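K.L.:
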Amino acid sequence: MEEIGEIRESSTSSFVFRTEKEVRKHDYVRVDDILAQIWEIKHHSGGTFAYATIIGSTDRRYMPRSPFKVGTKVYRAEPEFAKKVLGIGNEGIYIGVIKDSTVRVHLSPDVLIQKHLCVLAKSGSGKSYTVGVIVEEFIKRELPVVIIDPHGEYTSLRRPNLDKQEMATMKRFGIKPKGYTKQVYEFSPVCSRNREAIPLYLDETNLSFQDLLNLLPNATPLQKGILYEAFKKAREKKIYMLKDIVEGIKEAKSNAKWHLLPQIEQIISMQLFSTSYTPLKEMVKKGRCSIINLRGVPPYIQEILVALLLNKIFEERKNGSIPPVLVVIEEAHRYAPERGQGKSFAGEIIRTIASEGRKFGVGLAIVSQRAARVDKNVLSQCNTHIILKTTNPNDLKAIVASVEGLDAKAAEEIQMLPVGVAIIAGLPLAAPIFVEIRPRETMHGGRLGRI
Ligand SMILES: Nc1ncnc2c1ncn2[C@@H]1O[C@H](COP(=O)(O)OP(=O)(O)OP(=O)(O)O)[C@@H](O)[C@H]1O
Ligand SMILES: [Mg+2]
Numbered sequence: 002m003e004e005i006g007e008i009r010e011s012s013t014s015s016f017v018f019r020t021e022k023e024v025r026k027h028d029y030v031r032v033d034d035i036l037a038q039i040w041e042i043k044h045h046s047g048g049t050f051a052y053a054t055i056i057g058s059t060d061r062r063y064m065p066r067s068p069f070k071v072g073t074k075v076y077r078a079e080p081e082f083a084k085k086v087l088g089i090g091n092e093g094i095y096i097g098v099i100k101d102s103t104v105r106v107h108l109s110p111d112v113l114i115q116k117h118l119c120v121l122a123k124s125g126s127g128k129s130y131t132v133g134v135i136v137e138e139f140i141k142r143e144l145p146v147v148i149i150d151p152h153g154e155y156t157s158l159r160r161p162n163l164d165k166q167e168m169a170t171m172k173r174f175g176i177k178p179k180g181y182t183k184q185v186y187e188f189s190p191v192c193s194r195n196r197e198a199i200p201l202y203l204d205e206t207n208l209s210f211q212d213l214l215n216l217l218p219n220a221t222p223l224q225k226g227i228l229y230e231a232f233k234k235a236r237e238k239k240i241y242m243l244k245d246i247v248e249g250i251k252e253a254k255s256n257a258k259w260h261l262l263p264q265i266e267q268i269i270s271m272q273l274f275s276t277s278y279t280p281l282k283e284m285v286k287k288g289r290c291s292i293i294n295l296r297g298v299p300p301y302i303q304e305i306l307v308a309l310l311l312n313k314i315f316e317e318r319k320n321g322s323i324p325p326v327l328v329v330i331e332e333a334h335r336y337a338p339e340r341g342q343g344k345s346f347a348g349e350i351i352r353t354i355a356s357e358g359r360k361f362g363v364g365l366a367i368v369s370q371r372a373a374r375v376d377k378n379v380l381s382q383c384n385t386h387i388i389l390k391t392t393n394p395n396d397l398k399a400i401v402a403s404v405e406g407l408d409a410k411a412a413e414e415i416q417m418l419p420v421g422v423a424i425i426a427g428l429p430l431a432a433p434i435f436v437e438i439r440p441r442e443t444m445h446g447g448r449l450g451r452i
């Protein structure tokens, strides 16, 4: 172990040491069996002093109960020791390296599926790029992923990353360009604009009353009553369709039906439903990454579609007919907005999956450039957080409030993060870490999608 200094001042949570060696901010250091991280360095006339915060020890139950003695030796932390204390595994999702080092950061895919993930940062700082890296790792393990993709930017996962600049850094990360043509499936309700996509139709057989309410969010209490009567009647058949509901509504005595009928007929005319619907088993399948390309779909229809699809995934997962799955929700502030920031038909099911999904193996990856506008209940259920550069004060406040282990110091750092560097916090880590996200194997579609 390389000795780098001696403690000059100490408390039970931090210490200051004098050093003559080259040290940098965020370096990990070791005292006895305790890991600490440098967060500030000062030069005085008396020498160079580094300020370190204690993270913990290999035996997590043990944190120092009294400060280190002045004069205690400080060593550079060996990567293996740092990884062990931080809780970074040797296998799992390879997301990048600890900043300014070659220490690879692996996250457990099980933790991501069972505990939910959020990726928060301002626009253009690398959220979708990072999600692309995670999705590549899921594909490699044949773990099912469904991506709600409002911009149609994830279809580039099929193609290898041939960006010259990025190819130059790949070697350092041990990455090679690769496309996942066979594994990536694209579904879209508007195939005229997304020509390579498989048409996305939903199954209209035996919709639940809640599904119907989701489809008709503007129904008045009276109309809901009529709808319920029609639903009860339709349900008497073993198999019923939307047209049976329409028949039931027509039979209602109340005049309120005349306002309800056009609403439901409009839904039918949108052609979201078909008897030749795409079975969910085809979307959520071992070895498959399904992109729900919503590019060109009006926002109101996007929300209905996301709500119905997520409901279906949750139901089928509960009865075990599909495997555990990671659902990526891009632009999550649109689909699960914070109260007072608009309403979305998908909000409720996203909240339900956020709070109960872990029991059933439905993991969420919540992605947003407006942390403050995402439902707090959803954010607070995310146990792993990937934070990239954020400058908006409201968003920073929301991030610091929802991520354990982040403080005012971290908030300052978040504002200065370069593109491609993230703070990863939460499970399974003992403390937030700075990670250089690895280059993508596949082409990044971020810019492509917006054209
Ligand atoms: N880890 C990285 N390595 C190299 N380049 C990166 C990395 N992360 C992001 N970039 C670059 O930054 C650009 C923006 O990234 P990205 O599209 O992921 O942003 P975003 O946060 O998803 O933005 P938006 O909110 O607008 O969707 C990318 O086109 C890419 O060139
Ligand atoms: Mg993006």
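For what it's worth, my numbering labels the leading residue of the sequence shown as 2, then goes sequentially. Glycine included, every Cβ here is placed at the ideal spot set by N, Cα and C. Note that the structure is a prediction, hence the values are computed from the model and not measured.
So, helix, strand or coil for Ala308, using DSSP?
P.N.:
Looking up residue 308 in the sequence shown gives position 307. It is helical.
K.L.:
From which residue to which residue does the beta strand (DSSP E) around Leu365 run?
P.N.:
As a first step, residue 365 must be located in the sequence shown, where it is residue number 364. Segment Val363 to Ser369, the beta strand (DSSP E) holding Leu365.
K.L.:
Can you tell me where the alpha helix (DSSP H) with Ile240 in it begins and where it stops?
P.N.:
Position 239 of the sequence shown holds residue 240. First-last for Ile240: undefined, no H or E at that position.
K.L.:
Which residues in the same chain have their Cβ closer than 8 Å to the Cβ of Pro68, if we skip the five residues on either side of it in sequence?
P.N.:
What you label residue 68 is simply residue 67 of the sequence shown in a count that begins at 1. These residues qualify, in order along the chain: Ser11, Ser12, Thr13 and Phe16.
K.L.:
Which of helix, strand or coil does DSSP assign to Tyr181?
P.N.:
If you number the sequence shown from 1, residue 181 lands on position 180. If DSSP states are grouped into helix, strand and coil, Tyr181 belongs with coil.
K.L.:
Rounded to the nearest angstrom, how far is the Cβ of Gln370 from that of Ser124, given a contact under 8 Å?
P.N.:
Here residue 370 corresponds to residue number 369 of the sequence shown, with the count starting at 1. Here residue 124 corresponds to residue number 123 of the sequence shown, with the count starting at 1. Yes, Gln370 and Ser124 are in contact; Cβ-Cβ is about 5 Å, under 8 Å.
K.L.:
Note down the Cα distance separating Val120 from Gly127, rounded to an integer number of angstroms.
P.N.:
Locating residue 120 in the sequence shown gives position 119, counting from the first residue. Locating residue 127 in the sequence shown gives position 126, counting from the first residue. Val120 and Gly127: Cα-Cα distance of roughly 9 Å.
K.L.:
Under three-state DSSP, which class holds Thr391?
P.N.:
Reading the sequence shown from its first residue, position 390 is the one you call residue 391. In this structure, Thr391 counts as coil in the three-state DSSP scheme.
K.L.:
If you measure from each residue's Cβ to the nearest non-hydrogen atom of ligand 2, which ones come out under 6 Å, in chain order?
P.N.:
Listed along the chain, these residues meet the criterion: Lys128, Ser129 and Gly447.
K.L.:
If you check the beta carbons only, do Asp150 and Glu331 fall under 8 Å apart?
P.N.:
As a working mapping, residue 150 is identified with position 149 in the sequence shown. As a working mapping, residue 331 is identified with position 330 in the sequence shown. Their beta carbons are under 8 Å apart, which means Asp150 touches Glu331 by this criterion.
K.L.:
Give the straight-line distance between the Cα atoms of Ser345 and Ile354, rounded to the nearest whole angstrom.
P.N.:
Here residue 345 refers to the residue found at position 344 when the sequence shown is read from its first residue. Here residue 354 refers to the residue found at position 353 when the sequence shown is read from its first residue. If I take the Cα positions, the gap works out to 15 Å.
K.L.:
To the nearest angstrom, report how far apart Glu317 and Ile323 are at their CA atoms.
P.N.:
Position 316 of the sequence shown, counting from 1, holds the residue named residue 317. Position 322 of the sequence shown, counting from 1, holds the residue named residue 323. Roughly 6 Å between the two C-alpha positions.
K.L.:
By the three-class DSSP mapping on this structure, what secondary structure does Glu154 have?
P.N.:
Reading the sequence shown from its first residue, position 153 is the one you call residue 154. It is coil, neither helix nor strand.
K.L.:
Once you ignore the five residues that flank Ile114 on each side, which residues in its own chain have a CB closer than 7 Å to its CB?
P.N.:
The residue given as residue 114 occupies position 113 in the sequence shown. Apart from the 5 residues on each side of it in sequence, Ile114 sits with its Cβ closer than 7 Å to the Cβ of Pro325, Leu327, Gly362 and Gly364 in its chain, given in chain order.
K.L.:
Can you tell me where the alpha helix (DSSP H) with Ser291 in it begins and where it stops?
P.N.:
Within the sequence shown, residue 291 is the residue found at index 290, counting from 1. Element bounds for Ser291: not the alpha helix (DSSP H) but the beta strand (DSSP E), Cys290 to Asn294.
K.L.:
Based on the DSSP secondary-structure assignment, which residues constitute the bridge partners of Leu208?
P.N.:
Reading the sequence shown from its first residue, position 207 is the one you call residue 208. For Leu208, which the question treats as bridged, DSSP gives no partner whatsoever.
K.L.:
Could you tell me the distance, in whole angstroms, from the CA atom of Lys22 to the CA atom of Val30?
P.N.:
Numbered from 1 along the sequence shown, position 21 holds the residue referred to as residue 22. Numbered from 1 along the sequence shown, position 29 holds the residue referred to as residue 30. Distance between the alpha carbons of Lys22 and Val30 is about 12 Å.
K.L.:
Of all the options Met242, Arg25 and Ser58, which has the alpha carbon lying nearest to the alpha carbon of Phe50?
P.N.:
In the sequence shown, residue 50 corresponds to position 49, counting from 1. Nearest C-alpha to Phe50 among Met242, Arg25 and Ser58: Arg25.
K.L.:
Does Gly48 come within less than 8 Å of chain C when only Cβ atoms are used?
P.N.:
Absence of chain C from the displayed structure is noted, only one protein chain being present.
K.L.:
At a cut-off of 7 Å, would you count Ile387 as near ligand 1, judging by its Cβ distance to the nearest heavy atom?
P.N.:
Here residue 387 corresponds to residue number 386 of the sequence shown, with the count starting at 1. No; taking the cut-off as 7 Å, the Cβ of Ile387 has no heavy atom of ligand 1 nearer than that.
K.L.:
Got a sec, what are the start and stop residues for the alpha helix (DSSP H) Ala412 sits in?
P.N.:
Within the sequence shown, the letter at position 411 stands for residue 412. Its alpha helix (DSSP H) spans residues Ala409 to Met417.
K.L.:
Among residues of its own chain, excluding the 5 on either side of Met271, which ones have a beta-carbon nearer than 7 Å to its beta-carbon?
P.N.:
Here residue 271 refers to the residue found at position 270 of the sequence shown. Cβ neighbours of Met271 beyond the five flanking positions: Ile302.
K.L.:
Note down the Cα distance separating Glu187 from Asn91, rounded to an integer number of angstroms.
P.N.:
Translated into positions along the sequence shown, residue 187 becomes position 186. Translated into positions along the sequence shown, residue 91 becomes position 90. Whole-angstrom Cα-Cα distance: 33 Å.
K.L.:
For Val420, which three-state DSSP category applies?
P.N.:
Counting from 1 along the sequence shown, the entry for residue 420 is found at position 419. Correct three-state label for Val420: coil.
K.L.:
Going by Cα to Cα distance, which pick from Ala220, Asp376 and Leu407 is closest to Ile387?
P.N.:
In the sequence shown, the residue the question calls residue 387 occupies position 386. Checked all of Ala220, Asp376 and Leu407; the closest Cα to Ile387 is Leu407.
K.L.:
For Met242, which option in Ala337, Ser209, Thr391 and Ile176 has the closest C-alpha, if you only look at C-alpha atoms?
P.N.:
For the purposes of this step, residue 242 is identified with residue 241 of the sequence shown, where counting begins at 1. The shortest C-alpha separation from Met242 is found at Ser209.
K.L.:
May I have the straight-line CA-CA distance separating Lys499 from Lys282, to the nearest angstrom?
P.N.:
The displayed coordinates of the chain run from 2 to 452. Any statement about residue 499 would go beyond what the structure contains.
K.L.:
Can you tell which of Gln224, Lys233 and Val298 has its C-alpha closest to the C-alpha of Pro263?
P.N.:
Here the question's residue 263 lines up with position 262 in the sequence shown. Ranking the options by Cα distance to Pro263, first place goes to Gln224.
K.L.:
Using the Cβ count rule (16 or more neighbours within 10 Å means buried), how would you classify Gln166?
P.N.:
Numbered from 1 along the sequence shown, position 165 holds the residue referred to as residue 166. Classification of Gln166: exposed, given that the 10 Å Cβ count is below 16.
K.L.:
Strictly by DSSP, which residues pair up with His45?
P.N.:
Here residue 45 refers to the residue found at position 44 of the sequence shown. For His45, which the question treats as bridged, DSSP gives the partners Gly48.
K.L.:
Mind checking who Gln38 pairs with in its DSSP beta bridge?
P.N.:
Residue 38 sits at position 37 when you count from the first residue of the sequence shown. Answer by DSSP bridge pairing, in chain order: Tyr29 and Thr54.
K.L.:
Report the three-state DSSP secondary structure of Ile246 (helix, strand or coil).
P.N.:
Within the sequence shown, numbered from 1, the residue matching residue 246 stands at position 245. Ile246: helix per DSSP, three-state reduction.
K.L.:
Beta carbon of Thr338: closer than 7 Å to some heavy atom of ligand 1?
P.N.:
Position 337 of the sequence shown, counted from the first residue, corresponds to residue 338. The sequence shown places Pro at residue 338, rather than the Thr named in the question. No, the beta carbon of Pro338 sits no closer than 7 Å to any heavy atom of ligand 1.
K.L.:
With H, G and I counted as helix, E and B as strand and the rest as coil, what does DSSP make of Pro300?
P.N.:
Reading the sequence shown from its first residue, position 299 is the one you call residue 300. The answer is helix: DSSP assigns Pro300 an H, G or I state.
K.L.:
Give me whichever residues DSSP pairs with Glu435 in a beta bridge.
P.N.:
Numbered from 1 along the sequence shown, position 434 holds the residue referred to as residue 435. At residue 435 the sequence reads Phe, which differs from the Glu that was named. BP columns for Phe435 point to Ile424.
K.L.:
Check this for me: beta carbons of Ala411 and Pro433, under 8 Å apart or not?
P.N.:
In the sequence shown, residue 411 corresponds to position 410, counting from 1. In the sequence shown, residue 433 corresponds to position 432, counting from 1. Their beta carbons are under 8 Å apart, which means Ala411 touches Pro433 by this criterion.
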